[in-house]
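A short worksheet on the structure shown next.
In our numbering, the protein residues as written are -3 to 322.
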């Protein structure tokens, strides 16, 4: 535990010292962060009773640049909690972070966005419609308390490292275990990214097993279309030995004019020896997106889910998702 504290203190000190040395002419200024995800949906067949309007999530915050590469950001996440049967809205602090950038170096500290699936989520580009694969199936946390460092060595190659509590932004750090992750990104040609990420999340109990994550991604995007795919693996889910999960996700879009596109995505989740068969599934989503204004988007889409457990019925549903953001 002392060693971990020394490492964290050392990283904080380096962050402060290098920040003092920064010298650029960026003008100070701030901007609000407002994002609202909502939808109307209706199920069919076995899920016919699942229909209505829903407010999926709201983000409210502010980002301010002090100049000299310094930025601070605070974001409040207002969503739903499974522990109260989704009857109540729960507010969390998702980000309370400071970032410093100079040249190819970027350092962030505090309650930060994690790096495990940030690139995949950005490439997918439709978070308001559906979470990216790893977020959807709980392979990791989108934000956590800790430090991250990234450096772009050239247009071809960049690397990043992160140290966090490993418990996500919705929980306090109660136990001693921490999460360590390293990512490598290659950009062979403009618009084409290849990424490999690995992490270990230490168990908070002696009898528990450390959680291991491996995430791989490749995607190409230009002005006309995008196409991406990822493979993800997690060992010892919830610190239980041999509770391993793996899955694939492939997604793409084609732009139709300047303000609309069509998209599709395929996911498949597996569990080792079927230990999580009730949650194993393959799913498909396809639809269109229309940008009505610079801050308002709407997406009609259709979804199909095929559970691996044959005692469970296939799911069919239609959605109209809306996004408001500034």
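C-beta atoms are modelled at their ideal positions from N, C-alpha and C, and glycine is treated no differently. These numbers were taken from a predicted model, which means no experiment stands behind them.
Same chain only: Cβ atoms within 6 angstroms of residue i, ignoring 5 sequence neighbours per side
| i | result |
| --- | --- |
| residue 92 | 70, 106 and 107 |
| residue 212 | 192 and 227 |
| residue 101 | 147 |
| residue 279 | 263 and 301 |
| residue 303 | 277 |
| residue 233 | 239 and 241 |
| residue 244 | 227 and 264 |
| residue 230 | 135, 209 and 241 |
| residue 311 | 43 and 301 |
| residue 255 | 287 |
| residue 133 | 265 |
| residue 206 | 196, 198 and 199 |
| residue 95 | 67 and 104 |
| residue 154 | 148 and 181 |
| residue 261 | 247 and 281 |
Residue range of the alpha helix (DSSP H) that includes residue i
| i | result |
| --- | --- |
| residue 115 | 114 to 120 |
| residue 371 | Any question about residue 371 goes unanswered here, given that the chain covers just -3 to 322. |
Extent of the continuous beta strand (DSSP E) to which residue i belongs
| i | result |
| --- | --- |
| residue 266 | 256 to 267 |
| residue 189 | 188 to 197 |
| residue 66 | 66 to 76 |
| residue 36 | 25 to 40 |
| residue 47 | 47 to 63 |
| residue 110 | Segment: none, residue 110 is in no beta strand (DSSP E) and carries neither H nor E. |
| residue 43 | Looking at the DSSP string, residue 43 is not in any beta strand (DSSP E), and its letter there is neither H nor E. |
| residue 320 | 311 to 321 |
| residue 93 | 85 to 98 |
| residue 153 | 153 to 160 |
| residue 175 | 175 to 185 |
| residue 125 | Looking at the DSSP string, residue 125 is not in any beta strand (DSSP E), and its letter there is neither H nor E. |
| residue 308 | Looking at the DSSP string, residue 308 is not in any beta strand (DSSP E), and its letter there is neither H nor E. |
| residue 202 | Note, residue 202: premise wrong, no beta strand (DSSP E); not H, not E. |
| residue 300 | 292 to 303 |
| residue 142 | 139 to 148 |
C-beta atoms of residue i and residue j nearer than 9 angstroms
| i | j | result |
| --- | --- | --- |
| residue 259 | residue 122 | yes |
| residue 34 | residue 46 | no |
| residue 165 | residue 67 | no |
| residue 38 | residue 295 | no |
| residue 59 | residue 29 | yes |
| residue 197 | residue 209 | yes |
| residue 65 | residue 27 | no |
| residue 321 | residue 130 | no |
| residue 178 | residue 194 | yes |
| residue 157 | residue 138 | no |
| residue 367 | residue 54 | Here the chain comprises residues numbered -3 to 322, so residue 367 is not present and cannot be evaluated. |
| residue 126 | residue 281 | yes |
| residue 99 | residue 61 | no |
| residue 270 | residue 235 | no |
| residue 284 | residue 257 | yes |
| residue 309 | residue 41 | yes |
Residues near residue i by beta carbon distance below 8 angstroms, same chain, minus five either side
| i | result |
| --- | --- |
| residue 184 | 152 and 190 |
| residue 273 | 267, 304 and 305 |
| residue 140 | 107, 108, 110, 160, 161, 162, 163, 164, 165 and 175 |
| residue 128 | 113, 116, 117, 120 and 245 |
7 angstroms Cβ shell around residue i - same chain, five flanking residues per side excluded
| i | result |
| --- | --- |
| residue 187 | 216, 217 and 218 |
| residue 142 | 108, 158, 159, 160 and 161 |
| residue 52 | 33, 34 and 35 |
| residue 0 | The predicted model places residue 0 with a pLDDT of 47, which falls under 50 and marks its position as unreliable; any figure quoted below should be read in that light. Cβ within range, chain order: 174. |
| residue 124 | 33, 317 and 319 |
| residue 23 | 63 |
Heavy atom of the ligand FAD within 8 angstroms of residue i beta-carbon
| i | result |
| --- | --- |
| residue 260 | As for the ligand FAD, it is missing from this structure, which has no ligand bound. |
- Specify whether the stretch 222 to 239 and the stretch 110 to 120 touch according to this definition: at least 3 beta carbon pairs, one from each stretch, less than 8 angstroms apart. As far as the Cβ criterion goes, the stretch 222 to 239 touches the stretch 110 to 120, which means the pair count is three or higher.
- In chain order, which beta strand (DSSP E) runs of at least 3 residues are fully inside the stretch 204 to 285? Complete beta strand (DSSP E) runs here, min 3: 207 to 217, 221 to 231, 241 to 251 and 256 to 267.
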